[in-house]
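Visitor: My structure is below; once you've seen it, I'll send some questions.
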Amino acid sequence: MSDPTASEAVRVTLGDGVLTVTLNRPDKKNAITQAMYAVLAEATQRARTDDAVRVLLFRAEGDSFSAGNDIADFIAIGASGGGQVVDAPVFHFLKALAELDKPAVAAVRGRAVGIGLTLLLHCDLVVVAEDALLSVPFINLALAPEAASSLLLPRVVGHQRAFEMFALGEAIDGRTALAWGLANRAVPAADVDAVASGLAARLATRAPNSIRKSKQLMRDAEALWALMLREGEAFGSQMSSPEAMEAFMAFSQKRAPDFSKAG
Ligand code: COA
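For the sequence shown, the numbering used here begins at 75 and goes up steadily by one.
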């Protein structure tokens, strides 16, 4: 099947004050390409600037929330030696997330990998399936944390749990995510969308300026963006490193990476 266009792969709809962003590339487990980040960035900026939007809701089609950044994109960017550049669409999306001062809700079923999880750290109400699987395997790919997750994940779950998640790359399930404070609700997978939509609808009825000012007070948008840029330097230099190329190739060839000669 040929790849959908970015606007098919990320659908954006507005209804009753809720801007719903749906990841819709299910045959690739909703892995996110640079073109898809551009749509995500535009929608997240719109959520902040459009008065008709009260709440931003992230959800997904298919059996996975998102398998994270598209690894074919990583290979292309790494091979070009370009690393992460601040004017790349992914950074527009990250900046928009840092600056978002309206409520964001997420509905997560199945896998949430990499940015599929770190995006949740910028959401205010997170609904996960009890059997969802959340992971941040940046070090499996010889990369580094992004989206301010080097600060936000340990802040939510504690250093040791966050370090293990980054370094060993293993997934936690939805019930564990709830117990660790990463989610507000863990529900059967079939109920995730309805519960998240219900919460988004309730938030959309709240006093808009009050909720905005409250969120602004709870987050330091400038500091988050500054950290995202610092993380981007580490991520970018790793991305064109031999160890990362080995990890990307191993993924494409469906084998385990061999870091024994890295150094
Ligand atoms: N980038 C590009 N393609 C991806 C992808 C990604 N991040 N994740 C999955 N896909 C593709 C697979 O290559 C496969 O494509 P194919 O059918 O053309 O071979 C398809 O999506 C289905 O994935 P598959 O691995 O067969 O599904 P699974 O159910 O066995 O495993 C995951 C699902 C998410 C556990 C697994 O795909 C995975 O580990 N993906 C990589 C996650 C990752 O490391 N992301 C980057 C984080 S920084």
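Cβ coordinates follow ideal geometry from the N, Cα and C atoms, glycine included.
(1) Could you check where the beta strand (DSSP E) with Gly-310 kicks off and where it finishes?
(2) Do you know whose CA, among Thr-118, Arg-133, Arg-304, Met-110, lies nearest Ala-270's CA?
(3) For the alpha helix (DSSP H) containing Ser-271, name the first residue and the last one.
(4) Collect the residues with a C-beta less than 7 Å away from any heavy atom of the ligand COA and give them in sequence order along the chain.
(5) Under a Cβ-count criterion, where at least 16 other Cβ atoms within 10 Å of its own Cβ denotes burial, should Met-75 be classed as buried or exposed?
(6) Is the beta carbon of Leu-273 within less than 6 Å of some heavy atom of the ligand ZN?
(7) Exposed or buried, Asn-214, counting other C-beta atoms within 10 Å across all chains shown (16 or more means buried)?
(8) Near Ser-223, what residues of its chain come up, given a Cβ to Cβ distance below 7 Å and the 5 sequence neighbours on each side ignored?
(9) Going by other Cβ atoms of all chains shown within 10 Å of its Cβ, with 16 needed for buried, is Arg-183 buried or exposed?
(10) Between the stretch 148-162 and the stretch 173-181, are three or more C-beta pairs nearer than 8 Å?
(11) By Cβ distance, which residues of its chain are closer than 6 Å to Leu-298, with the 5 residues on each side in sequence left out?
(12) Leaving out five residues before and five after Gly-243 in sequence, what residues of the same chain have Cβ atoms less than 8 Å from its Cβ?
(13) Please work out which residues of its chain come closer than 8 Å, Cβ to Cβ, to Leu-225, disregarding the five sequence neighbours upstream and downstream, and give them in chain order.
(14) Any idea if Glu-220 is buried or exposed, counting beta-carbon neighbours within 10 angstroms, 16 or more meaning buried?
(15) What three-state label does DSSP hand Leu-193 in the structure shown?
(16) First and last residue of the beta strand (DSSP E) that includes Ser-209?
(17) Measure the Cβ-Cβ separation of Thr-118 and Ala-170 and say whether it is below 7 Å.
(18) Please classify Arg-286: does DSSP put it in a helix, a strand, or coil?
(19) Following the continuous beta strand (DSSP E) through Arg-85, name the residue where it begins and the one where it ends.
(20) Which residues in the same chain as Leu-252 place their Cβ atom closer than 6 Å to its Cβ, once the five residues preceding and following it in sequence are excluded?
Guide: Taking the geometry as given:
(1) Indexing the sequence shown from 1 puts residue 310 at position 236. It is not in any beta strand (DSSP E) - Gly-310 instead sits in the alpha helix (DSSP H) that spans 295-313.
(2) Residue 270 sits at position 196 when you count from the first residue of the sequence shown. Of Thr-118, Arg-133, Arg-304, Met-110, the residue nearest in Cα terms is Arg-133.
(3) Taking the sequence shown and counting its residues from 1, the one referred to as residue 271 is at position 197. That run of the alpha helix (DSSP H) goes 266-278.
(4) Asp-101, Lys-102, Lys-103, Ala-105, Ser-138, Ala-141, Gly-142, Asn-143, Asp-144, Ile-145, Ala-146, Arg-185, Val-187, Gly-188, Ile-189, Pro-211, Phe-212, Asn-214, Leu-215, Leu-217, Phe-325
(5) Taking the sequence shown and counting its residues from 1, the one referred to as residue 75 is at position 1. Per-residue confidence for Met-75 stands at a pLDDT of 46, beneath the threshold of 50, marking its modelled position as unreliable; no derived number is given.
(6) With respect to the ligand ZN, the structure shown offers nothing to examine, as its ligands consist of the ligand COA.
(7) Locating residue 214 in the sequence shown gives position 140, counting from the first residue. Buried, since its Cβ has 16 or more Cβ neighbours within 10 Å.
(8) Working through the sequence shown from its first residue, we reach residue 223 at position 149. Excluding sequence neighbours, Ser-223 sits near Thr-192, Leu-195, Val-210.
(9) By one-based count along the sequence shown, residue 183 stands at place 109. A residue is called buried once 16 or more other Cβ atoms fall within 10 Å of its Cβ, and Arg-183 is buried on that count.
(10) no
(11) Locating residue 298 in the sequence shown gives position 224, where the first residue counts as 1. Closer than 6 Å at Cβ, skipping near neighbours: Ala-172, Ala-222.
(12) Taking the first residue of the sequence shown as 1, we reach residue 243 at position 169. Cβ within range, chain order: Ser-209, Val-210, Pro-211, Phe-212, Ile-213, Asn-214.
(13) Within the sequence shown, residue 225 is the residue found at index 151, counting from 1. If we look at Leu-225 and ignore the five residues flanking it on each side, its Cβ neighbours are Leu-298, Leu-301.
(14) Translated into the one-based positions of the sequence shown, residue 220 becomes position 146. Label assigned to Glu-220: buried.
(15) Within the sequence shown, numbered from 1, the residue matching residue 193 stands at position 119. Residue state, collapsed to three classes: helix.
(16) As a first step, residue 209 must be located in the sequence shown, where it is residue number 135. Looking at the DSSP string, the run of the beta strand (DSSP E) that includes Ser-209 is 207-209.
(17) For the purposes of this step, residue 118 is taken as residue 44 along the sequence shown, with counting starting at 1. For the purposes of this step, residue 170 is taken as residue 96 along the sequence shown, with counting starting at 1. Cβ atoms of Thr-118 and Ala-170: closer than 7 Å.
(18) As a working note, residue 286 is residue 212 in the sequence shown. If DSSP states are grouped into helix, strand and coil, Arg-286 belongs with the helices.
(19) The residue given as residue 85 occupies position 11 in the sequence shown. That run of the beta strand (DSSP E) goes 84-89.
(20) On the sequence shown, position 178 is the one that residue 252 refers to. For Leu-252, where only same-chain residues beyond five positions count, the Cβ hits under 6 Å are Ala-260.
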